[in-house]
Amino acid sequence: MTKIILFFIMFFLCEYLYASECQKVDNFLSLADNFVDRDYDKTFYYSMQAIAFTSNCGDPEKKAWSYYYAAKALIWKKKLDESLNFADKALEEDIVYKNPILLSCLKNIKVSVYSRLGTNNLALQECYEILEILHGLNTVEAELLRARAYYGIAIHIDNTRLSDSYFQKSNEILKHISDQQVLLVKRIFRFKAYFYHARAGIFLSRKKMDSAKYYSEMAYRQSFIDDVTPKNHFLGSIGNYYYENKDDKKALFYYMKAMDEIDKNDKDAFLKNGPNLLKKIYQIYHRNGDTKNEKIYLDKYYKAQNDFGNHVNEHVLKTTNRVLDGKVNEYSKKKSIYKIVIIIITIFCLVIVYFLLRFYNKKKAKQDIVIAESQKMLFLKEKETILLKSMVDEDALNDIIKAAKMNVPEFWGLFQKSHPGFIDALTKINPDLKTTELILCAYIFLGFNTKDIAEYTFKAIQTVKNNKHNLRRRLQLPPKQDMTVWIRTIYKEKFPDID
445 MTKIILFFIM FFLCEYLYAS ECQKVDNFLS LADNFVDRDY DKTFYYSMQA
495 IAFTSNCGDP EKKAWSYYYA AKALIWKKKL DESLNFADKA LEEDIVYKNP
545 ILLSCLKNIK VSVYSRLGTN NLALQECYEI LEILHGLNTV EAELLRARAY
595 YGIAIHIDNT RLSDSYFQKS NEILKHISDQ QVLLVKRIFR FKAYFYHARA
645 GIFLSRKKMD SAKYYSEMAY RQSFIDDVTP KNHFLGSIGN YYYENKDDKK
695 ALFYYMKAMD EIDKNDKDAF LKNGPNLLKK IYQIYHRNGD TKNEKIYLDK
745 YYKAQNDFGN HVNEHVLKTT NRVLDGKVNE YSKKKSIYKI VIIIITIFCL
795 VIVYFLLRFY NKKKAKQDIV IAESQKMLFL KEKETILLKS MVDEDALNDI
845 IKAAKMNVPE FWGLFQKSHP GFIDALTKIN PDLKTTELIL CAYIFLGFNT
895 KDIAEYTFKA IQTVKNNKHN LRRRLQLPPK QDMTVWIRTI YKEKFPDID
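According to the numbering used here, the residues represented by the sequence shown are 445 to 943, in order.
See the structure below:
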């Protein structure tokens, strides 16, 4: 009798301890979710606490969720290889394949990693699989995951029409889910703010300024509803809108606020987002002639860009190797020749991507050195090129280039004075050239590219492209003939003694 009593005591004690351990895991998972999009260091910390207790809890689904939160946190901490490691551990649990929500969340981890690696085809494949997994499910969580999958396809597919279509599908789902419904689900399912942010970027790239402004402001407002911290993405998006509109005061205000957000809330975000913000800031100072602040932020930009390049080189190599190994292990289990071909193609593509990324980063590092000096040396290079060709007095050349960049009326007179016969050399080819066309020729002669000319003359880049196209036709230039070289050659032939 005593043994039976002891047995039941031990049984109920084990049950109590089991329930207690599982409750601790639930509490840690709740805390991990609570800090998603707010503090990923804490999300990672609590996910690791949950993982530690799952061994005693013995619940494979809780273990998989614990791995998921660790993987999600590590993506935002830019540790892609470690993130995939935790995602793969979760996918080793059989229970995952019986839970479409959990499986879709883990596949979203892979979408994020593949996206950051630039392997868009792999990201698209995961998005399509998510849609298949969620087929027939109509819960709020499933709808939000479905909207995210459509959004993922939209940003990775290389087709503008299809991209817009998938953006619209995602938007239709989000419109039918109220903010109150979103607030009742876990934070991992919320992404409205990032959706609006992506839309703002697309419209800005297409020069649809009203739509870009609307969605960038929507993203910022939604970030408060979703309680997203930091808000540097959304502040930067608004800053980009004002930057493109050449409202430098407002653009600088939002860029500085974005930098403050990173500094206060997520210094890890600086590694990825900081360089671009610093670049825009120093360009604003450059555009406004503030050489002191331009130099300060230019130096910060080059340092940040170099740090980011080193980080990418280190983690892209590890992650690419993991992806390669994962694909090999995945497809090695399948016997068909078709699957083997897919493996080879996938590996080949990933290797190419890796070497392209490596080449790009090496090239970028070299370019950064050039860019680092370009803002300081561009003026000197322009002078060097033109002085070699025309032997113009250096002070006069300084005045010409300064006048060109300021787009003042005196520019044309100064240029003609320093380059006598320039008009004759060109009108000999086409006597009907207009003054505006001759001035454009002068800008080209001085070595300014299309973007420079657009910036200095306050015109759209496409307008300058059209003007150059018309000018090329009127001067009867072959399509592949470099205009700068051609104009300088024409002038040199007019005055052969300038060399």
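Glycine included, each C-beta is placed from N, C-alpha and C at the ideal position.
Since this is a predicted model, take the numbers as computed values, not measurements.
If you measure between the beta carbons of residue i and residue j, is that distance less than 7 Å?
i	j	result
aspartate 525	cysteine 466	no
tyrosine 659	tyrosine 640	yes
threonine 487	alanine 534	no
threonine 928	lysine 909	no
isoleucine 646	asparagine 676	no
alanine 515	isoleucine 553	yes
isoleucine 617	serine 556	no
tyrosine 699	isoleucine 669	no
tryptophan 856	isoleucine 883	yes
phenylalanine 859	alanine 840	no
tyrosine 594	serine 614	yes
phenylalanine 497	lysine 468	yes
Tell me which residues share the same chain as residue i and place their Cβ nearer than 6 Å to its Cβ, disregarding the 5 neighbours each side in the sequence.
i	result
leucine 473	Ala494 and Trp509
phenylalanine 479	Lys486 and Thr487
alanine 567	Val555, Tyr558, Ser559 and His600
isoleucine 396	Nothing can be reported for residue 396, as the shown portion of the chain is limited to 445 through 943.
alanine 531	Ala515, Leu550 and Ile553
Does the Cβ of residue i have 16 or more other Cβ atoms within 10 Å, making it buried, or fewer, making it exposed?
i	result
leucine 457	Legend: pLDDT at leucine 457 = 49, less than 50; position of this residue unreliable, value from coordinates given subsequently. Classification of leucine 457: exposed, given that the 10 Å Cβ count is below 16.
methionine 703	buried
valine 852	exposed
glutamine 727	buried
phenylalanine 792	exposed
leucine 679	buried
lysine 944	The question about residue 944 has no answer, for the chain in this structure spans 445 to 943.
phenylalanine 799	exposed
tyrosine 541	exposed
glutamate 738	buried
glutamate 537	buried
Could you tell me the boundaries of the alpha helix (DSSP H) in which residue i lies?
i	result
glutamine 920	Run containing glutamine 920: none; DSSP gives neither H nor E here.
glutamate 705	692-709
isoleucine 495	484-501
tyrosine 541	Segment: none, tyrosine 541 is in no alpha helix (DSSP H) and carries neither H nor E.
histidine 641	636-649
isoleucine 845	838-850
alanine 515	504-520
asparagine 529	524-535
alanine 869	866-871
alanine 567	564-577
valine 626	623-627
lysine 895	894-901
glycine 891	Neither: glycine 891 is in no alpha helix (DSSP H) and is coded neither H nor E.
asparagine 676	676-688
Taking residue i as the reference, give the member of the options with the closest Cα.
i	options	result
glycine 580	Glu505, Pro922 and Ile545	Ile545
leucine 475	Asn911, Ser491 and Ser464	Ser491
tyrosine 572	Arg590, Val584 and Leu606	Arg590
leucine 890	Ile788, Tyr935 and Glu587	Tyr935
isoleucine 789	Ile931, Asn565 and Ala904	Asn565
methionine 632	Ile597, Glu899, Lys523 and Arg592	A small correction: the amino acid at residue 632 is isoleucine; methionine does not occupy that position in the sequence shown. That would be Arg592, whose Cα lies nearest to the Cα of isoleucine 632.
glutamate 937	Lys872, Asp751 and Asn911	Lys872
glycine 865	Arg932, Glu899 and Gln925	Arg932
leucine 578	His863, Leu547 and Phe697	Leu547
arginine 802	Leu561, Ala848, Tyr489 and Ala695	Leu561
So, at 7 Å on beta carbons, what are the nonlocal neighbours of residue i in its own chain, with the 5 sequence-adjacent residues on each side left out?
i	result
leucine 832	Caution applies to leucine 832, whose pLDDT of 45 falls short of 50 and renders its modelled position unreliable; the model cannot decide the point.
asparagine 689	Met653
tryptophan 930	Leu921
asparagine 874	Arg918 and Leu919
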